[in-house]
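Asker: Residue numbers (UniProt numbering): 1 to 1245. Pasting in a structure now, in structure tokens, and then I'll have a few things to ask.
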Amino acid sequence: MNTLVLRTDVSGDPGFRELLGRVREWDLGAYAHQDVPFERVVDVVAPERSQARHPLFQVMLVLQNTAAADLRLPGLETRVRRIDTGAAKFDLAFEMTEHPDGAVEGLLEYATDLFDPATARSIATRLVRLLDALTADPDAPIGSHDVLDAGERRQVLGEWSGAGREISPLTVPELFARRGAAGPQAPALISDEGTLSAAELDVRANRLAQHLVGAGIGAESLVALALPRSSEELVVAVLAVWKAGGAYLPVDPAYPAERIAYMLGDARPALVLATTGTTDCLPEGTQPVLLDVLDLSGVPATAPGARVRPENPAYVIYTSGSTGRPKGVVVSHAGVASLLATQAERLGVGPGSRVLQFASPSFDAAFWELCMGLLSGAAVVVAGAQGLQPGEPLADTLRTHRVTHATLPPVVLAAMGAGEDLLPGGTLVSAGEALSGEVVARWSAGRNLVNAYGPTETTVCASMSGALGAGEVPPIGRPVFNSGLYVLDARLRPVPPGVTGELYVAGVSLARGYLGRAGLTAERFVAAPFGGPGERMYRTGDLARWRADGQLEYVGRADDQVKIRGFRIELGEIEAVLARHESVGQVAVLVRADTPGVKQLVAYVVPRAGTSADPAPLRAHVGEALPDYMVPAAVVVLEAFPQTPNGKLDRKALPAPDLSAASTGRQAATEREEVLCGLFGELLNLTSVGVDASFFDLGGDSIMSIQLVSRARAAGLVIRPGQVFEHRTPAGLALVAEAAEDAAVPVLPAGSGTGRVPATPIVHWLRERGGPIGRFHQSVLLHTPAGLTLDRLTEALQVLLDHHDALRARLVRDDDWALDVPRPGTVRAAGLVRRAEWAGTLAEESRAAVAAEADAAAGRLDPDAGVMLQAVWFDGGPGRSGRLLLVAHHLVVDGVSWRILVPDLAAACEALDKGAEPSPAPVPTPLRVWSEALTAAAPGRADELPLWRRQSAGDDPVLGSGRLDLGRDTFATERTLVRALSPEHTAALLADVPAAYHAGVNDVLLTAFAVAVADWRTRRGKGSGTAVLVDLEGHGREDVVDGADLTRTVGWFTSLHPVRLDPGAGHRTGSGFWSGGPAAGEALKRIKEQLRAVPDGGIGHGMLRHLVPGGPLPRTAPPQLGFNYLGRFPAASRSEEPWTAAPEADALGGGADPAMPLTHELELNALTEDRPEGPCLVATWSWAGDLFTEPEVADLAGTWARALAVLADHAGAPEAGGHTPSDLTLVSLSQAEIDLLEADWRTAQ
């Protein structure tokens, strides 16, 4: 008997009949190798080993379909009986036995460490139920069958999900009035300054409320409160706003000024209340009402009688948004009465209780505390900021004011000792974050410890546990009154108890939605499938499961599921293992990408009181329980976790680990290696680089290789771009680099860069296109340093004009076109610079101002008159940063040119500021010298003619409604669509995928492009072939002229050539490319080899087409598709660091004359922006508006993004990676032979 590991593919949600076919196909393939011993399979696959589970699989299925053994012995009666060994070999083992009568008997064996009897019984019952459903309707999607029985459904949708309670929906003013009438002299507000009774607090709030009503505040009005945390003024003001009929917007004075300005600008409150001590936090121009100087002595002390309905807003809380923009959550009065009733019953709060007001006013827990204190008959205890500091100051506050009820986040509880004199016999509520068992063990003795849960999008709390005890995983309990909690799957169906799903909240506690963001509200607040007409539920993004006792257990965030090296990981699982270690008091695990393209798990721990934590044993502890890929790369030990103003763990403030020694490999041993390692890191935004790290595996590309060559020369080392591709690593390049003083540099005669510059192939191509070209340009927008003057900027620009020949060029329109470059000094910068005011206020207005100036600057370009450059300086005023817009005609710049010009401009300004003479690095090969040499070399590339004829030959089915018409399809008719890929996938595409396949970024992007176009074309009935004809742009600075060095040359060098890409037919099958299996790697290998077959980046096509007399390569219809990857650019930043990209324009802008003909029917221009959160691939799709509709292009854009994601995920698969014939230049091997050798090598390993 041999164990056979089988894989079942249920992707696409097939019917049972289709699934049987898939299983048959997979299993027959496996049976062909059934004689291979299981132990051999384990050795070859080499899975991640773990003591926690069996390798390769955890569920065993045994089918006993042979005749029962019949042992006959003379004089004996024999029977076969099952012997229970008392040990389970696997997590679950199903044994199915066929009987002669056709019946099938099943036996389930389970590991008692993982499953209890009830769970095992439910699994078996569900299997039988599912088999009945599948056989009854074999064509229905398998995911459509319900696995719940009627009893379970009643539990999770009725008994457990939340029972209704008859509670009058009173508003907060009505609830406070009820409390005041029941005990007017009872203490309501206690502080270091004294005690206010309910009646005294009522009078103060009434007077302020009368003032607010007089100022126009009423129902649906919003009043911002910029008041000190935990102060009498804050409590009075909140109550007064409610009595006036309005809602309050808390503004924590400790928040950054930018966030406060955003909140006030977004919410647009009718009034702002502040004190003289908090006005500094408010934006300039705000006119607050100052409560500490406001005289209310003559104002009536009676309530204003404003009418407030339950559906009116009570407060607006701003919470972080996934887009980076905070969003305001509008919460009404409707759920307050139910929350109060739940607090009273489950927390025992009421007259005589004292409730600490701990939370920041900008956190909804502050409303929870006010509700629990002011409305229940209890007293609210307020203390100054010092008295709320975790540790002894907070403990002293609890003791001094005899607090009976406090709500504190776990991070605060973990940082304090649980003294017996703290809340003795009282109630402690933990909320805001997941509560650990260690904290429960310390704080549950001597007091009631309750775990509460609730997103901001509810009336604070959605559920709470009962009193917790040591030794249990703390649940988040049961719903508050009149709220519903549902744990649902991706189809919004309830999951069985014990199964993890996403948590949804419904009922009266739901917020109204997001302030001014109807689209986001509709996305997160969805129709409740289990409620009445119009009932909504909120998608929390949290994962939870029902326990057998009907309580909810928090599992983690849905977005806490991350992917490292292709493996999906739940961070909470790692945290749980670390939390079990005896030295760990608190733990947090997150994914960091401090090195773009390199994601690593990092654990942060705070030692348990009285112990110390050592990172090495902790990593070993995780390794004993979890597979290797789940072991953190580093464990950082902290004295305490940083906190947000709301008392939650501030994940953004957790320090970066020191991974340099562990992650960068062998360090530099020579000065050259050290220089090159530093340059790698500088270009690729890496803190350190080992000498054996590949430039391209780390995210470099061909354009960045040019920058590397340039910076190496500036550092005293001479290397060629081709050597970067050949040697790749600092160690390899150090061996071939020459010292700058030893390198043979051609001595060019004076004036070599001036005079007539023959047209390069790309200029000839532009001439052939026809149409106006006066506005054809590229542009950048930069931050300028504070203190920059117009004169200083003009001087610096003059340095650029005199140093870089192309900027002085004039277009000569004779038969072949050419550029004429005059001598330095003849073009004056003063006539090219314009000064404009920079308000720098609202982003929309700033972008509009930049766009208007860019349009005007493009209109001032005149290539025929030699006006190739325009500069607009947005003056920010004395001591303030401004902006600089540079607009250059495309005839004289390309993407690489800006990487030369911007640093040169910055260096010139810096030198002039110091009173020094700017001295830009020399330009080894002027544009004119290159152009003449390229023309001379063109006839020598005649052997490429057959290649280029093959590329253009063949079928190119019409993709749109017709072919491009140069008269009709102009830039005026162009339409665009911009899409961005996630940093996670971008990082993999820049580093992981190229490293696995020894490929370049372009190879990866074009593989996905070819697959996407072929798939899109087939689905639209525009052709069934797999090959795609593409016009491919390159930087054109190829190593094809002996001695030429273009790393410092400004000009338009772009190359353009057709290439026919065929990824194969893998994209057509469900088990092919789209499943992320081997077909994805095969497609990438095919495209990589097809691109490698094109010599020198395709520059020869343009040379033969345009520079050889007689035209051996005649003009043909160009491909319908264009593709250009522009490389990596720093993302626009608001940090205002001088000479970096500014956010009011694209990283690399551009435009053309409206009447200029379009280049292709459809074009994709992509670049990578290095953003703070990691590299982000940004794709701009442009097309002729008369040939395609936007939905058609959006479909293609989505398909390309999906193909990229498949490649990114595929790179983490065990079978991913490998070489191709172009990698092995010393031997002649086919792809099949290479694959066979690599498979043998993996087996040997």
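Idealized CB from N, CA, C, for every residue including glycine.
My understanding is that residue 380 touches residue 357, with C-beta atoms under 8 Å, so please give their C-beta distance in whole angstroms.
Answerer: That belief holds up - the Cβ atoms of residue 380 and residue 357 are roughly 5 Å apart, short of 8 Å.
Asker: Do residue 423 and residue 401 have their CB atoms nearer than 9 Å?
Answerer: Against a cut-off of 9 Å, the Cβ pair of residue 401 and residue 423 comes out as no contact.
Asker: Can you tell which of 489, 585, 587 has the C-alpha that lies nearest to the C-alpha of residue 540?
Answerer: The shortest Cα separation from residue 540 among 489, 585, 587 belongs to 489.
Asker: Runs of 4 residues minimum, wholly inside the stretch 862 to 942: which ones carry the alpha helix (DSSP H) assignment?
Answerer: Fully enclosed alpha helix (DSSP H) runs of 4 or longer: 895 to 913, 927 to 937.
Asker: By a C-beta neighbour count over all protein chains shown, 10 Å radius and 16 as the cutoff for buried, is residue 410 buried or exposed?
Answerer: It counts as buried.
Asker: Can you name the residues that DSSP bridges to residue 1055?
Answerer: In the DSSP output, where bridge partners are listed per residue, residue 1055 has 1034.
Asker: Quick check on residue 412: buried or exposed, where buried means 16 or more other Cβ atoms within 10 Å of its Cβ?
Answerer: Buried, because 16 or more other Cβ atoms sit within 10 Å of the Cβ of residue 412.
Asker: Could you give the first and the last residue of the continuous alpha helix (DSSP H) run that contains residue 764?
Answerer: Here the alpha helix (DSSP H) through residue 764 covers 761 to 769.
Asker: Select from 497, 682, 957 the residue whose C-alpha is nearest the C-alpha of residue 151.
Answerer: Measuring from the Cα of residue 151, the nearest candidate turns out to be 497.
Asker: If the criterion is Cβ atoms closer than 9 Å, does the pair residue 930 and residue 877 meet it?
Answerer: No, they are not a contact pair.
Asker: Where does residue 1111 land, buried or exposed, given buried means 16+ other C-beta within 10 angstroms?
Answerer: Exposed.
Asker: Taking DSSP as the reference, what is the three-state secondary structure of residue 708?
Answerer: It is helical.
Asker: Would you report the Cα separation of residue 906 and residue 899, rounded to the nearest angstrom?
Answerer: Going from the Cα of residue 906 to the Cα of residue 899 covers about 11 Å.
Asker: Candidates 1222, 296, 959, 692: which alpha carbon is nearest residue 1022's?
Answerer: Measuring from the Cα of residue 1022, the nearest candidate turns out to be 959.
Asker: In this structure, does DSSP put residue 1167 in helix, strand or coil?
Answerer: Of the three classes helix, strand and coil, the one that applies to residue 1167 here is strand, per DSSP.
Asker: Could you compute how far the alpha carbon of residue 147 sits from the alpha carbon of residue 503?
Answerer: Straight-line Cα distance between these residues: approximately 18 Å.
Asker: Less than 8 Å between C-beta atoms, sequence neighbours within five positions excluded: which residues of the same chain meet that for residue 954?
Answerer: Excluding residues within five positions, the ones whose Cβ falls inside 8 Å are 1027, 1029, 1060.
Asker: Contact between the stretch 179 to 197 and the stretch 374 to 389 is defined here as three or more beta-carbon pairs at a separation below 8 Å; is this criterion met?
Answerer: Yes: at least three Cβ pairs fall under 8 Å.
Asker: In terms of alpha-carbon separation, which member of 63, 728, 434 lies closest to residue 106?
Answerer: When only C-alpha atoms are compared, the closest one is 63.
Asker: If residue 558 sits next to residue 575, beta carbons under 8 Å apart, how far is it from one beta carbon to the other, in whole angstroms?
Answerer: With 8 Å as the limit, residue 558 and residue 575 do not qualify as a contact, their Cβ atoms being about 16 Å apart.
Asker: If we ignore side chains and look at the alpha-carbon of each, how far apart do residue 996 and residue 769 end up?
Answerer: Distance between the alpha carbons of residue 996 and residue 769: 41 Å.
Asker: Look at the alpha carbon of residue 256 and the alpha carbon of residue 281, and state the distance between them as a whole number of angstroms.
Answerer: If I take the Cα positions, the gap works out to 8 Å.
Asker: Below 7 Å CB to CB, which residues in the same chain sit around residue 1086 once its five sequence neighbours on both sides are set aside?
Answerer: Counting only Cβ-Cβ distances below 7 Å, and skipping sequence neighbours, we find 1062, 1063, 1064.
Asker: Leaving out five residues before and five after residue 873 in sequence, what residues of the same chain have Cβ atoms less than 6 Å from its Cβ?
Answerer: Correct list, in chain order: 793, 835, 884.
Asker: If you follow the alpha helix (DSSP H) that residue 1103 is in, where does it begin and where does it stop?
Answerer: Residues 1099 to 1106.
Asker: So residue 778 is in the beta strand (DSSP E); what residue range does that whole segment cover?
Answerer: Residue 778 -> beta strand (DSSP E) spans 777 to 784.
Asker: From residue 155 to residue 310, what distance separates their C-alpha atoms?
Answerer: Taking the straight line from one Cα to the other gives about 30 Å.
Asker: How would you label residue 96, buried or exposed, when you count the other beta carbons within 10 angstroms and need 16 or more for buried?
Answerer: Answer is exposed; the Cβ neighbour count stays below 16.
Asker: CB residue 235 to CB residue 201, shorter than 9 Å?
Answerer: Yes, the pair counts as a contact, with Cβ atoms nearer than the cut-off.
Asker: State the Cα-Cα distance for the pair residue 1246 and residue 686, rounded to the nearest angstrom.
Answerer: Any property of residue 1246 remains undetermined from this structure, which presents the chain solely from 1 to 1245.
Asker: Just verifying my parser: in three-state terms, what is the DSSP assignment at residue 519?
Answerer: Helix, per DSSP.
Asker: Specify the secondary structure class of residue 89 as computed by DSSP and reduced to three states.
Answerer: DSSP places residue 89 in coil when its eight states are reduced to three.
Asker: Can you give the beta carbon distance from residue 339 to residue 168, rounded, assuming they're within the 8 Å contact cut?
Answerer: No, residue 339 and residue 168 are not in contact; Cβ-Cβ is about 13 Å, not under 8 Å.
Asker: Taking C-alpha atoms, which residue in 29, 986, 3, 726 lies nearest to residue 37?
Answerer: If we check each option's Cα against that of residue 37, 3 comes out closest.
Asker: Determine the direct distance from the alpha carbon of residue 1088 to that of residue 1244, and round the result to whole angstroms.
Answerer: Caution applies to residue 1244, whose pLDDT of 45 falls short of 50 and renders its modelled position unreliable; the model cannot decide the point.
Asker: With 16 other CB atoms within 10 Å as the buried threshold, where does residue 118 fall?
Answerer: Exposed.
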